[in-house]
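Chains as they are written, first to last, in the working numbering: chain Y, -2 to 92; chain U, 15 to 500.
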Amino acid sequence: MSLDRATVIRIANLAKIHIDDSEIDIFTRELSQILNWVEQLNEVDVKNVKPMTGVSGMSLREREDEVLDGGYADKIVKNSKEKKKNSFSVPKVIE
Amino acid sequence: MSNPIKLKGEKFLWEMVIGLEVHAQVKCKSKLFSGAACDFGAEPNSLVSFVDAAMPGMLPVINKEAVNQAIKTGHALNAKINEISVFDRKNYFYPDLPQGYQISQFKSPIVGEGWIDISLEDGSSKRVEIERLHLEQDAGKSTHDQDPNLSFIDLNRSGIPLMEIVSKPDMRDWKEAGAYLRKLRSIVRYIDTCDGNMDEGSLRCDANVSVRTEGDVLGTRCELKNLNSVKFMMKAIEFEANRQIEVLEGGEKVEQETRLYDPNKNETRSMRSKEEAHDYRYFPDPDLLPLHVDLQRINRLKKELPELPDKKKERFEKEYNLSSYDAGVLTADIQHANFFEKVVVGRNVKFTANWIITNFFGMLNDLGKSIDESPVDSEQLGELLDLIQDGTISGRTAKDVFEEMFTKGGNARQIVESKGLKQISNTDELEKMVKDVIDENNKQVEQYRSGNEKLLGWFVGQVMKKTGGTANPKIVNEVILRLLKN
């Protein structure tokens, strides 16, 4: 499977990654190569194989519904640049 | 059979096709994947763990109670519970989503197809099918009105468990959509899996709306957001359907998009920012193994379900011999139903039901109070009803006493005694008063005796005036009739 330039631009946009025009061709080629490599898996016939999510056969561990965490707003916003009364702040986003 | 509203355009008659996505906040103590508390109205970021803030290296661990609540809700929706379900990441960028993705369930939800029956205004009922119910995390909350250039983010809501309940596009007008949302709310409150509070956002709703000429294939739909009451949801659907009809009859196409409802202007408008975001790149969350729930657990939770609204209504009709309408009103909310069942013990059913529906619910409605904010409890109301039933006060006086109990507090008997509102049923005493009235009003007596029988009411009124409204109207009537004949 090979990607076109438009798809690469869209992927970069969705991932919020800035790429220069000069890099588009490089990424188009490299991403296509990765996809081609992964596509080799299609050669294996898995018609009668159940999807596997792990090798250990474990299932999700559940915890009891107890409040054991939180209560440290100061630590949560510690690295925020412009905080106000323990709220994060961001440039105005409004619909 | 239901008879949905059709909309008349310039050229054609149109029908609506509506499906609802309801987000119900799961009632439990802690978050879906962390041990921080799920409370409303706390100080910003005080109910946030490092997991909810998506600090590097933190791992989610699922809350057992949230899973149980989802399974119970699934049962109440007559739905299939899936023994294996999977959590996926739904990727999008927004400041109130610190992870950069929401943990949700995409391909394998915990609850599959089900149905509920809704009751319509004409007394008929309609089955609405449920597509699925899945568990997911809520996002944080942004405030925009504190600063001209900044938005503030509070993550207290981040990670609170939600059940997203998706209906099939089975509703055909806004009334059906309203009835569906009310029924869903009633059910989750009965089984106590969500408090159903739309004001605080614990129950939120998005509507998918499209229109088509009768029997045609499905039209292009728009998703309406920000519908935070049943009333607004119904208005938004009505506006949107008419907007789409105008677009289509004008020869244009409806764009598939997300639209925001503005209750102040009663209109919907496009949310352009969402267009690009629609590629969510779902994939299974590598931090979470598939969730297994065994049949034993599924069946045990089914047994824990209380009597549901439909069953309770049926029982009220049979056990109390109530009309379908009255039973419907009394059982629409679990707390209302419980209140009625407490008051009705040892009292006249029809009288109690009428009083509760008309006066008690009426008063709550007028003051915008919920039943747990009511200053009058079931015992106090019972006492008041007994005073009416044994003739101590008239029905008219009872309403005043009730208003006083509601606004100023106190018990019925105290108020009646301290204000001297006891009904005068003593015939001798009333006869004396009637005689006085007759003596004082010769003119009216003559008119009455010469055939103007309408004046009877006027005489009753005069006696009532003399007694401050406490005379037993039935006895006054009898006495006046008897004395005026002579």
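Built from N, CA and C at the ideal position, the CB exists for glycine as well.
Proximal chain U residues relative to L65/Y, where beta-carbon distance stays under 8 Å: S44 and G49
Opening and closing residue of the beta strand (DSSP E) in which K43/U lies: That residue, K43/U, is in no beta strand (DSSP E); it is neither H nor E in DSSP.
Candidates K479/U, T406/U and E29/U: closest to V231/U by CA position: E29/U
Near-chain Y residues of the region 156 to 182 of chain U (beta-carbon distance less than 9 Å), N- to C-terminal order: S156, T157, H158, Q160, D161, P162, N163, L164, S165, F166, I167, D168, L169 and N170
Chain-order list of residues whose beta-carbon lies under 8 Å from that of A367/U (same chain, five-residue window excluded): Y334, L336, D340, L344, F354 and V358
Beta-carbon proximity of A93/U to L169/U, cut-off 8 Å: no
F85/Y, enclosing beta strand (DSSP E) - first and last residue: F85 to P88
Cross-strand partners of G128/U (DSSP beta bridge): I144/U
Beta carbon proximity, D1/Y to chain U, threshold 8 Å: no
Outcome for F297/U when other beta-carbon atoms lying within 10 angstroms are tallied against a minimum of 16: exposed
At least 3 beta-carbon pairs within less than 8 Å: the region 317 to 336 of chain U vs the region 177 to 195 of chain U: no
CB contact check: I73/Y to chain U, cutoff 8 Å: yes
Per-residue DSSP class, three states only, for Q270/U: coil
Cross-chain neighbours of K60/U in chain Y, by beta carbon under 7 Å: It should be noted that the sequence gives Ser, not Lys, for residue 60/U. Simply G67, G68 and A70.
Close beta carbons around F58/U, own chain, < 6 Å, minus the five adjacent residues each side: Looking at the sequence shown, residue 58/U is not Phe but Pro. These residues qualify, in order along the chain: D168.
7 Å Cβ shell around G423/U - same chain, five flanking residues per side excluded: P389
8 Å Cβ cutoff, F24/Y in contact with chain U: no
Member of G482/U, V415/U and S432/U whose CA lies at the smallest distance from the CA of L444/U: G482/U
Proximity below 8 Å, CB of A250/U to CB of T272/U: no
Interface flag, I205/U vs chain Y, CB-CB below 8 Å: no
Within 8 Å of chain Y by C-beta, residues of the region 73 to 88 of chain U in sequence order: V75, I76, N77, K78, E79, A80 and V81
Alpha-carbon to alpha-carbon, Q83/U and W369/U: 36 Å
Rounded Cβ spacing between S122/U and I98/U (contact assumed at less than 8 Å): 7 Å
Contact under 8 Å by Cβ, Q151/U with L46/U: yes
Where P112/U sits in the DSSP three-state scheme: coil
Close Cβ partners of Y462/U (< 8 Å) along its chain, the five nearest in sequence each way excluded: L469, L470, F473 and L498
Residue nearest to L91/U in terms of C-alpha spacing, selected from E260/U, Q113/U and R141/U: R141/U
CA nearest to the CA of D452/U, picked from E135/U, A67/U and V493/U: A quick correction: the sequence has Ile, not Asp, at residue 452/U. Of the listed residues, the one whose Cα sits closest to I452/U is V493/U.
S29/Y to T87/U span [Cα, whole Å]: 45 Å
Q39/U - partner residues in DSSP beta bridges: L176/U
Coarse secondary structure for P298/U, derived from DSSP in three states: strand
Three CB pairs or more closer than 8 Å across the region 237 to 248 of chain U and the region 205 to 215 of chain U: yes
For D220/U: DSSP bridge partner residues: E35/U
Coil, strand or helix - R103/U by DSSP: strand
Helix, strand or coil at K51/U according to DSSP, with G and I counted as helix: The amino acid occupying residue 51/U in the given sequence is Ala; Lys does not appear at that position. Strand.
T87/U - DSSP class collapsed to helix/strand/coil: helix
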